[in-house]
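One structure is given here, and the rest of the page talks about it.
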Amino acid sequence: MAYTDSLNDFAGTLSAGRLLGLDLGSKTLGLALSDTDATIATPFETYPRGKFGHDADVLCDLIDLHEIKGLVCGLPLNMDASSGTRVQATRAYVRNLSHHNRFALPILLWDERLSSVAVERTLLEADVSRRRRAQVIDKMAAAFILQGALDALNK
Numbered sequence: 406m407a408y409t410d411s412l413n414d415f416a417g418t419l420s421a422g423r424l425l426g427l428d429l430g431s432k433t434l435g436l437a438l439s440d441t442d443a444t445i446a447t448p449f450e451t452y453p454r455g456k457f458g459h460d461a462d463v464l465c466d467l468i469d470l471h472e473i474k475g476l477v478c479g480l481p482l483n484m485d486a487s488s489g490t491r492v493q494a495t496r497a498y499v500r501n502l503s504h505h506n507r508f509a510l511p512i513l514l515w516d517e518r519l520s521s522v523a524v525e526r527t528l529l530e531a532d533v534s535r536r537r538r539a540q541v542i543d544k545m546a547a548a549f550i551l552q553g554a555l556d557a558l559n560k
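All you need for the working numbering is the position in the sequence shown, starting with 1, plus 405.
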């Protein structure tokens, strides 16, 4: 199925239900789930990245299990909104995912600038240990990304 940077295009292809947020890191996949009304994002899990086929199967299994209706993937734009190598890698990953034989969901690429910084700051203010921050930051960033998209969708 197609992927887009346009919130309107994404909204036009969605059916009602739960969305999955994805923070695509070089070593991990941070995941978040929305509620069934697609209003509140909750950190879900952090998975170590493997080969693409394995990652795609993990995502597809989660999509089936939780009856996901759409995917919101963080797009790591530079601060000046330009695209760098991480944006190219994310677009390639999403393009491959959209062509995977088990994947049939609309995908929104959502600007994730400062998501990790905001999550890190929140965890520091909550006095979370460095070790615990490392364990949760990717899924928290996925929730931050997903919540931003949910808020925009529900305006």
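C-beta atoms are modelled at their ideal positions from N, C-alpha and C, and glycine is treated no differently.
Just so you know, these numbers come straight off a predicted model, no measurement behind them.
- Here DSSP, grouped into helix, strand and coil, assigns Leu482 to coil.
- For the set Asp460, Phe457, Leu424, His459, the Cα lying nearest the Cα of Thr447 is the one of Leu424.
- Just so you know, the alpha carbons of Leu555 and Leu412 end up roughly 10 Å apart.
- When DSSP assignments are scanned along the region 435–487, the uninterrupted stretches of alpha helix (DSSP H) that are 4 or more residues long and fall wholly within it turn out to be 457–471.
- A distance of 8 Å or more separates the beta carbons of Val492 and Gly426.
- A direct Cα-to-Cα measurement between Ala486 and Arg518 gives close to 9 Å.
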